[in-house]
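There are 2 protein chains.
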Amino acid sequence: MGPGPITADPRVLRAMSAALVGQYDPAMTAYMAETQELYRGVFRTANAATLLVDGTSRAGIEAALVSLIEPGDRVLVPIFGRFGFLLQEIAARCGADVHTIEREWGTVFPPEEVIAALDAVQPKLLALVHGDTSTTVAQPLAEIGAACQERGVLFYTDVTASLGGNEFETDAWGVDAATAGLQKCLAGPSGSSPITLSDRAVAVIAARKSIEAGIRDADSQVVAHPIRSNYFDLGQILDYWGEKRLNHHTEATSMLYAARECARLLVEETMSVAVERHALHGGAMAAGLAGLGLELFGDQDHRMNNVIGVFIPAGVEGEAVRGALLADYAIEIGTSFGPLHGRIWRIGVMGYNARRDTVLTTLAALEQVLRRAGAAVPAGGGVDGALAYYGSAE
Amino acid sequence: MGPGPITADPRVLRAMSAALVGQYDPAMTAYMAETQELYRGVFRTANAATLLVDGTSRAGIEAALVSLIEPGDRVLVPIFGRFGFLLQEIAARCGADVHTIEREWGTVFPPEEVIAALDAVQPKLLALVHGDTSTTVAQPLAEIGAACQERGVLFYTDVTASLGGNEFETDAWGVDAATAGLQKCLAGPSGSSPITLSDRAVAVIAARKSIEAGIRDADSQVVAHPIRSNYFDLGQILDYWGEKRLNHHTEATSMLYAARECARLLVEETMSVAVERHALHGGAMAAGLAGLGLELFGDQDHRMNNVIGVFIPAGVEGEAVRGALLADYAIEIGTSFGPLHGRIWRIGVMGYNARRDTVLTTLAALEQVLRRAGAAVPAGGGVDGALAYYGSAE
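Top line first, the protein sequences correspond to chains A and B. The first sequence begins at 2 in this note's numbering and counts up by one. The second sequence begins at 2 in this note's numbering and counts up by one.
Okay, structure coming up:
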């Protein structure tokens with residue numbers, strides 16, 4: 002019950018045991034096409050360029066940024082948590098001229114603040130986290146995406162923590178590139194990064210396909226720089242996933258099986274029902290924590306459905322509580338980073354763990370551990386709070 | 002029976018179905034330490050910095066090169082097949098000043114030719130493939146490693162295709178960095194890259210840990226450049242695998258389970274017995290192909306144990322034979338690249354497929370398919386050749 006990685010769905014774990022096939026076996030081509038179509042459903046997009054990057058969610062982030070950013074490009078990164086700082090750092094390593102704006106952790110940007118920064122900075126690319134697990138809140142994206150489209154700014158968003166458990170619309174929101182991972186609401190293991198790219202993003206990448214020392218115009222000015230990475234060169238990776246089926250690296254077949262099964266689970270459930278499920282059980286967890294007398298962290302109007310921040314009560318040793326939950330109840334909850342370190346726990350309710358039994362068991366166990374740690378907790382308050390929430394939601 | 006990826010060992014496939022644990026669960030720390038120790042056995046090294054990169058074998062190559070090469074560094078890449086060209090390309094994308102020497106495909110360099118180039122080019126790093134699956138031959142490395150050590154040149158080698166099926170000695174041969182994959186003689190799926198780094202390589206990486214705009218000396222000259230990649234920053238990844246246990250990306254836990262099981266299989270068998278097994282069954286396959294009247298490709302004195310190149314007989318359509326083997330016998334053999342395209346097939350005998358039954362079945366099937374394709378093949382010649390080899394090897 003941490004903020005991810007989480008307990009994987011048994012169907013996903015079993016999928017990885019399937020026999021391997023060669024990466025040019027006709028069966029493999031069909032598996033890839035099926036996976037792409039499933040992820041179009043998950044990302045809510047018609048993008049042809051919807052595929053997997055072979056690495057963890059961070060590999061998907063870096064593939065998108067290194068493929069879209071040329072050295073010297075101006076990039077705007079609004080930061081409201083740890084993963085905003087990660088986008089800043091990766092963009093800087095790509096050679097970008099990075100501009101940032103920041104918000105206090107636990108809050109999100111009013112969209113007009115980001116739009117004003119777009120006008121002030123005039124970046125080529127906006128890189129913005131959707132849901133930042135470090136702070137538990139999700140940035141509203143629809144207005145910002147529309148503003149990017151009006152201004153011709155490329156819009157990249159990291160949806161690793163949010164996808165599948167919170168509303169997300171690639172096409173309707175004007176997103177040019179989105180990357181994810183399996184280890185949150187997708188109920189799988191870390192190690193494969195689903196990614197989708199708009200035609201506009203694909204055109205930017207296609208212009209950089211030369212690996213020569215630079216593409217020059219008639220006046221010998223460099224107009225495009227080669228992509229700095231081979232492994233993350235989305236131009237070459239698209240040629241592998243696309244009709245050309247050109248060889249790049251050897252596909253991570255077992256992780257493709259896992260990613261495909263994750264998407265099947267969501268598409269079978271439908272995206273809207275999956276989001277409702279996360280909202281229901283995440284809401285019940287929040288109500289239960291309040292019922293234990295604990296104070297919730299962050300802007301609750303913008304809280305992600307799938308992760309709840311809660312202040313560690315005064316006088317309680319946070320790490321001792323986490324240790325007891327793991328040792329005595331086999332339940333893991335999350336610590337926190339940066340300015341929140343030692344101040345809050347983060348409890349995940351996502352993917353295979355977004356269930357009534359996991360919510361109630363966690364609350365029952367937490368009550369016992371808190372009591373033994375010397376906190377004054379109302380007997381049954383957590384479970385009562387959650388059950389009341391379930392009752393009112395029905 | 003292609004040149005990889007190959008049929009994975011069922012033990013490895015089952016290992017991926019194990020439940021996930023959080024990446025800071027004490028159990029996970031123990032799994033990581035166990036995996037590191039197992040790979041020290043596989044790589045034949047005492048290097049503390051022995052770990053997994055979360056991506057395919059190509060991810061390991063890029064992690065090593067982008068972490069060791071600073072922009073402007075002189076790098077020597079001897080090329081004797083497709084993967085030498087890949088090392089050249091990746092080094093160039095890292096900003097290296099790349100120098101190459103080339104040999105005809107199917108041959109290897111006399112070590113003194115590489116050593117002479119070391120003296121002529123005086124590189125910071127030598128990047129050299131061990132076994133190049135595209136040509137089926139393996140470059141002798143021991144003398145070259147000793148020469149690098151004498152000259153203070155960093156020595157990187159890609160052992161993806163060779164490790165586990167051919168003799169390889171990280172420490173005894175003076176190798177500073179070696180990277181591999183699971184999908185060849187390690188009998189697993191693509192998606193995790195075992196890697197080992199000498200103390201000398203770790204020191205080069207440690208000097209680059211600043212992500213600032215460069216580390217400057219007293220005269221404000223830049224003396225070290227930050228690593229261009231976050232995902233492949235081996236300095237940060239070593240802090241995750243090392244005693245500090247700092248957070249980096251979310252570990253690809255299921256692939257770690259796979260990599261661990263691959264190493265267990267080899268360490269249980271012992272490395273020398275595994276190499277002998279590949280030599281035995283690879284030799285039987287080569288003898289069987291000769292028994293079918295086919296001509297072997299490449300310098301047989303330097304052929305890898307685990308992959309055999311064989312010329313497509315005149316008048317036979319190579320792709321039709323591959324198609325019939327797959328459709329009618331469920332056996333995949335490999336095509337070839339570059340100057341060898343359309344001229345040879347490549348047949349793998351590696352990992353879980355390095356067995357007597359797979360060798361004999363493949364030879365029996367190939368005989369039938371070749372005969373139906375119009376080739377004059379001696380009845381039973383393939384199986385007779387292999388059985389004679391097995392008999393003489395006992």
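All residues carry an ideal CB built from backbone N, CA and C; glycine is no exception.
Any chain A beta carbon closer than 8 Å to residue i
i	result
aspartate 133/B	no
glutamate 262/B	no
proline 6/B	yes
asparagine 231/B	yes
serine 191/B	yes
methionine 256/B	yes
glycine 23/B	yes
Coarse secondary structure for residue i, derived from DSSP in three states
i	result
aspartate 98/B	strand
phenylalanine 312/A	strand
glutamate 71/B	coil
alanine 214/A	Model confidence at alanine 214/A stands at a pLDDT of 44, short of 50, so the residue's coordinates are unreliable; what they give is reported in the following sentence. Looking at alanine 214/A - three-state DSSP - the assignment turns out to be coil, as it is neither helix nor strand.
glutamate 318/B	coil
isoleucine 345/B	strand
alanine 16/A	helix
proline 11/A	helix
isoleucine 80/A	strand
glutamate 103/B	strand
phenylalanine 298/B	coil
leucine 183/B	coil
valine 130/A	strand
asparagine 167/A	strand
alanine 173/A	coil
tyrosine 241/B	helix
glycine 189/A	coil
alanine 47/A	coil
arginine 304/B	strand
glycine 335/B	strand
Chain B contact for residue i (CB, 8 Å cutoff)
i	result
isoleucine 91/A	yes
serine 18/A	yes
glycine 3/A	yes
glutamine 237/A	no
alanine 151/A	Residue identity check: residue 151/A is glutamate in the sequence provided, not alanine. Taking Cβ atoms only, chain B never reaches closer than 8 Å to glutamate 151/A, which makes this a no.
glycine 386/A	no
glycine 56/A	yes
leucine 295/A	no
arginine 94/A	yes
Beta carbon of residue i nearer than 8 Å to that of residue j
i	j	result
alanine 148/A	isoleucine 102/A	no
histidine 61/A	valine 67/A	In the sequence as presented, histidine is not what sits at residue 61/A; that position holds glycine. No; because the gap between Cβ atoms is not below 8 Å, this pair is not in contact.
tyrosine 157/A	alanine 118/A	no
histidine 282/B	valine 360/B	yes
leucine 371/A	valine 378/A	yes
glycine 383/A	glutamate 368/A	yes
alanine 178/B	leucine 198/B	yes
aspartate 133/A	arginine 75/A	no
alanine 204/B	leucine 39/B	no
valine 322/B	alanine 374/B	yes
serine 191/B	alanine 253/A	yes
tyrosine 353/B	alanine 188/B	yes
tyrosine 232/B	arginine 59/A	yes
arginine 246/A	threonine 30/A	yes
Extent of the continuous beta strand (DSSP E) run through residue i
i	result
proline 195/A	194-198
glycine 382/B	No beta strand (DSSP E) contains glycine 382/B, which is instead part of the alpha helix (DSSP H) from 382-394.
threonine 254/B	Threonine 254/B -> not in any beta strand (DSSP E); alpha helix (DSSP H) instead, spanning 254-270.
alanine 147/B	It is not in any beta strand (DSSP E) - alanine 147/B instead sits in the alpha helix (DSSP H) that spans 143-152.
leucine 52/B	50-54
tyrosine 353/A	Unbroken run through tyrosine 353/A: none, as it is neither H nor E.
leucine 155/B	155-159
Start-to-end residues for the alpha helix (DSSP H) that takes in residue i
i	result
tyrosine 32/A	27-44
valine 360/B	357-373
aspartate 120/A	112-122
Assumed close pair residue i, residue j - CB separation to whole angstroms, cut-off 8 Å
i	j	result
alanine 64/A	isoleucine 196/A	7 Å
glycine 73/A	glycine 107/A	Contact flag wrong, Cβ pair sits at about 34 Å.
phenylalanine 312/A	threonine 137/A	That belief does not hold up - the Cβ atoms of phenylalanine 312/A and threonine 137/A are roughly 12 Å apart, past 8 Å.
alanine 366/A	isoleucine 332/A	6 Å
Under 9 Å from the C-beta of residue i: neighbouring residues of chain E
i	result
glutamate 252/B	Although the question refers to chain E, the structure presented lacks it and instead comprises the protein chains A and B.
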